[in-house]
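Student: Structure in structure tokens, see below.
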Amino acid sequence: MTIEMIPLKSLRPSSGNPRKRFDEGAIAGLAQSIKTDGLLQNLVAAKPEGRKRTYPLISGERRYRALSLLVEQGDLPADLSVPVEVRGDLTESEALRIAAIENIQREDLTPLEEAEAIATLVGSGDGLEDIAAQTGLSASTIKRRLVLLELSDSVKKALCEAKITLAQAEAMGLGSHDEQDDLLEQVISGWYSTPTDIRECLIGELPSVALAIFPKEDYSGSFTTDLFGDDETTYFDDAEQFHDLQRAAAEQLVADYERKHDWAVLVEGRFSPLEYREADEGESGGVVVQLCPSGNVEIHEGLIRKLVDASVSEALKPKPKSTYARPVREYFAMHKSAAVQVELLSNPRKAKEIGVAKALFRPSLHECYSYLSRSEEGKSYRAALESEAAALLDLLGKKARGDDAFRTLLSLAYSYESAFELVSGLYDAGLERLFAFLTVIGFGQDQCDELDCRESSFFNRVAIAIGTDMKKYWLPGVWFLGRRTLGQLRTVLIESGLSRLYGCGKAYKKSELVPIMARYFAKVRDMDDLEPDQKQARNWLPEAMSFPAIDPDRQTDEPEEADLAEAA
187 MTIEMIPLKS LRPSSGNPRK RFDEGAIAGL AQSIKTDGLL QNLVAAKPEG RKRTYPLISG
247 ERRYRALSLL VEQGDLPADL SVPVEVRGDL TESEALRIAA IENIQREDLT PLEEAEAIAT
307 LVGSGDGLED IAAQTGLSAS TIKRRLVLLE LSDSVKKALC EAKITLAQAE AMGLGSHDEQ
367 DDLLEQVISG WYSTPTDIRE CLIGELPSVA LAIFPKEDYS GSFTTDLFGD DETTYFDDAE
427 QFHDLQRAAA EQLVADYERK HDWAVLVEGR FSPLEYREAD EGESGGVVVQ LCPSGNVEIH
487 EGLIRKLVDA SVSEALKPKP KSTYARPVRE YFAMHKSAAV QVELLSNPRK AKEIGVAKAL
547 FRPSLHECYS YLSRSEEGKS YRAALESEAA ALLDLLGKKA RGDDAFRTLL SLAYSYESAF
607 ELVSGLYDAG LERLFAFLTV IGFGQDQCDE LDCRESSFFN RVAIAIGTDM KKYWLPGVWF
667 LGRRTLGQLR TVLIESGLSR LYGCGKAYKK SELVPIMARY FAKVRDMDDL EPDQKQARNW
727 LPEAMSFPAI DPDRQTDEPE EADLAEAA
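Under my numbering, the first residue of the sequence shown is numbered 187, with each subsequent residue one higher.
Put into structure tokens, the structure is as follows:
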């Protein structure tokens, strides 16, 4: 291993680099960084090869591209030489392996590029645990990435172009390439949008007669067919019998191929290209008979087995077929759910525990909490929540973390089960109190960037019903007054009675008037014996602080939505 100064034009990107796409904006940003701070990390290349003696890059293609961009822009000389760590002791497969690990560790590869990089490590004989240790990826992520190698070219292209999601692509890996291609447009159009939809489509509820590789007369069950009754639209009603017959026929195919080829095997589920390669000219390979979950059978001929670590092979195997198929599991769940619902109708206490447990595990918090938690004006609001949260923690037998009872309460439950266990031990009064608290903290005005001027709105109806008086909770402070124009402040002076003290405010600059008014409003709120003008100041509210809010910019009396609905 040596560091050499090598002309940039003597370096070349490796065709084995798993990274196939490069963000031009990111390359330009890296180029600017190199221009400012220099090249902070050497490139790594293999020993030169070919007639032109070029050095294939092992690591650093992004830096290479950024340097090339600077040369192209004239920011660096055309004959630029850069420091390169030359690894002359590596075989081609070792170089690819190092490049794969480095690229995965950078964390900005696409899932497909990660899959190709992992495939390089598998091809080097690495096991699942080795790959996880070298890349930092979990075993489950590695398995999911390897599934992407089983996608057809058109599905891979759709994933790269973000026409389908990663979850959709993973689900499509269940099908054969033909099945994937047939389904692709329907996934892109949204006809099959969720992974569950895609799996159900590929696995299918009823297999068609067209899939059968056994004589139709061997089947003893009934059929479902349409008007035309062709094989594509005629279905086996007994899917279990179909799959048994199809598997037996596939096993017979394997036996037939074994007599004509070096070997033949039956693969149920996915066919993994990681475990095989195509036979070269002159090689006599084997055959894989693939039995897809849908019942479709595909034949892969002319294959040579590759040496793959046993842990990787095991990870690629499909899960054993469930004792209960999805429709049967669904059948059980529906009946059990209905039975529990009927029981709960006669047990309102347990029903309320369910509602409270769900709200405790997934509390809904109105945005006013985070808004006012940053403001001194929210001090009394936060104090009220903290006091009630502390009392509820005491009922639950829990202690607050530090002085934050509110957040402690809302983070108590780590699952629906743990939440249910917590609330099940409360007396009725405590359960009611917790239910009320969790309901209250999620309630407030919708669309807080609008004035709620509808008397019939849910929020205003509740506020009016409980007699909410904003004068108890709010007073005009520096924040609000500072966002009024000087003309608007003069109107406030008149409406609140402060004009008796400060006139119409013409003698003051706005920066002087705002704190004077704020101090006076705060002063009269805390006074016991008030003069008439002081009462007027204490009782003053902007029209938008009423229930419903009054919009001073509203030109006409427009009918409310509720009125329109009644008129209709």
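Every residue, glycine too, gets a C-beta built ideally from N, C-alpha and C. As the structure is a prediction and not an experimental result, all values here were calculated from the model.
(1) List the whole-angstrom C-beta distance separating residue 559 from residue 482, where the pair is believed to meet the contact cut-off of C-beta under 8 Å.
(2) Please name the residue, chosen from 547, 329, 697, that lies closest to residue 601 on a Cα-to-Cα basis.
(3) Give me whichever residues DSSP pairs with residue 559 in a beta bridge.
(4) In terms of residues, what are the limits of the alpha helix (DSSP H) holding residue 755?
(5) Taking the alpha carbon of residue 190 as the point to measure from, which residue in 228, 214, 211 has its own alpha carbon closest?
(6) Is DSSP giving residue 713 helix, strand or coil here?
(7) Going along the chain, which residues of its own chain have a beta-carbon closer than 7 Å to the beta-carbon of residue 413, five neighbours each way excluded?
(8) Under 8 Å: do the region 368 to 381 and the region 332 to 349 share three or more Cβ pairs, one atom per stretch?
(9) What are the boundary residues of the beta strand (DSSP E) that residue 486 is part of?
(10) Is residue 497 helix, strand or coil by DSSP?
(11) Give the DSSP-derived three-state secondary structure of residue 635 in the structure shown.
(12) Measuring from the CB of residue 634, is there a heavy atom of the ligand GTP at a distance below 6 Å?
(13) Alpha carbons only, please: which of 219, 632, 401 is nearest the one belonging to residue 438?
(14) Output needed for residue 610: all residues of its chain with C-beta closer than 7 Å, excluding positions within five of it in sequence on either side, in chain order.
(15) State yes or no: is the C-beta of residue 241 within less than 7 Å of the C-beta of residue 310?
(16) On a Cα-Cα basis, can you pick out the residue from 707, 731, 728 that is closest to residue 720?
(17) Report all residues from its chain with a CB closer than 6 Å to the CB of residue 501; omit the five preceding and five following residues, and keep chain order.
(18) Evaluate residue 300 with the Cβ neighbour count: other Cβ atoms within 10 Å of its Cβ, from every protein chain shown; 16 or more gives buried, anything less gives exposed.
(19) Within the continuous beta strand (DSSP E) that includes residue 548, where are the two ends?
(20) Does the distance from the C-beta atom of residue 661 to that of residue 620 stay below 7 Å?
(21) Can a CB atom of chain B be found closer than 7 Å to the CB of residue 631?
(22) In the DSSP assignment, find the beta strand (DSSP E) that holds residue 188 and state where it starts and stops.
(23) Grab me the residues of residue 616's own chain with a C-beta within less than 6 Å of its C-beta, minus the 5 sequence neighbours each way, in chain order.
(24) Contact check, residue 450 vs residue 472 under 8 Å by CB: the rounded distance?
(25) Restricting to Cα atoms, I'd like to know which of 497, 513, 511, 465 is closest to residue 490.
(26) Compute the distance between the beta-carbons of residue 733 and residue 649, then report whether it is under 7 Å.
(27) Short check: CB of residue 571 to CB of residue 592, under 7 Å?
(28) For residue 754, count the other beta carbons within 10 Å of its own beta carbon; 16 or more makes it buried, fewer makes it exposed. Which is it?
(29) Who are the Cβ neighbours of residue 681 in its own chain at under 7 Å, not counting the five residues just before and after it?
(30) Can we say the region 247 to 254 touches the region 215 to 235, given the rule of at least three CB pairs closer than 8 Å?
(31) Tell me the rounded alpha-carbon separation between residue 499 and residue 461.
(32) Put residue 600 into one of helix, strand or coil per three-state DSSP.
(33) Using a 10 Å radius around the Cβ and a threshold of 16 neighbouring Cβ atoms, would you call residue 303 buried or exposed?
(34) Could you please give me the residues that DSSP links to residue 152 through a beta bridge?
(35) If you reduce the DSSP assignment to three classes, tell me which class residue 740 lands in.
Tutor: In terms of the structure at hand:
(1) In fact, because the Cβ distance is near 58 Å, the residues do not count as touching under 8 Å.
(2) 547
(3) Its beta-bridge partners do not exist; DSSP assigns none.
(4) Residue 755 is absent from the structure shown; the chain starts at 187 and stops at 754.
(5) 228
(6) coil
(7) Caution is warranted here: a pLDDT of 46 is assigned to residue 413, below 50, making its placement in the model unreliable, and no coordinate value can be reported.
(8) yes
(9) 483 to 491
(10) helix
(11) coil
(12) Only the bare structure without any ligand can be found here, which leaves the ligand GTP out of the picture.
(13) 401
(14) 539
(15) no
(16) 707
(17) 314, 329
(18) buried
(19) Neither: residue 548 is in no beta strand (DSSP E) and is coded neither H nor E.
(20) no
(21) Checking the listed chains, one finds no chain B in this structure; it contains a single protein chain.
(22) 188 to 193
(23) 581
(24) 6 Å
(25) 465
(26) yes
(27) yes
(28) In this prediction, residue 754 scores a pLDDT of 43, lower than 50, which makes its location untrustworthy; the coordinate-derived value is nonetheless stated afterwards. The residue in question, residue 754, is exposed, as its Cβ has fewer than 16 Cβ neighbours within 10 Å.
(29) 726
(30) yes
(31) 8 Å
(32) coil
(33) buried
(34) Residue 152 lies beyond the stretch modelled for the chain, which goes from 187 to 754, so this question has no answer here.
(35) coil
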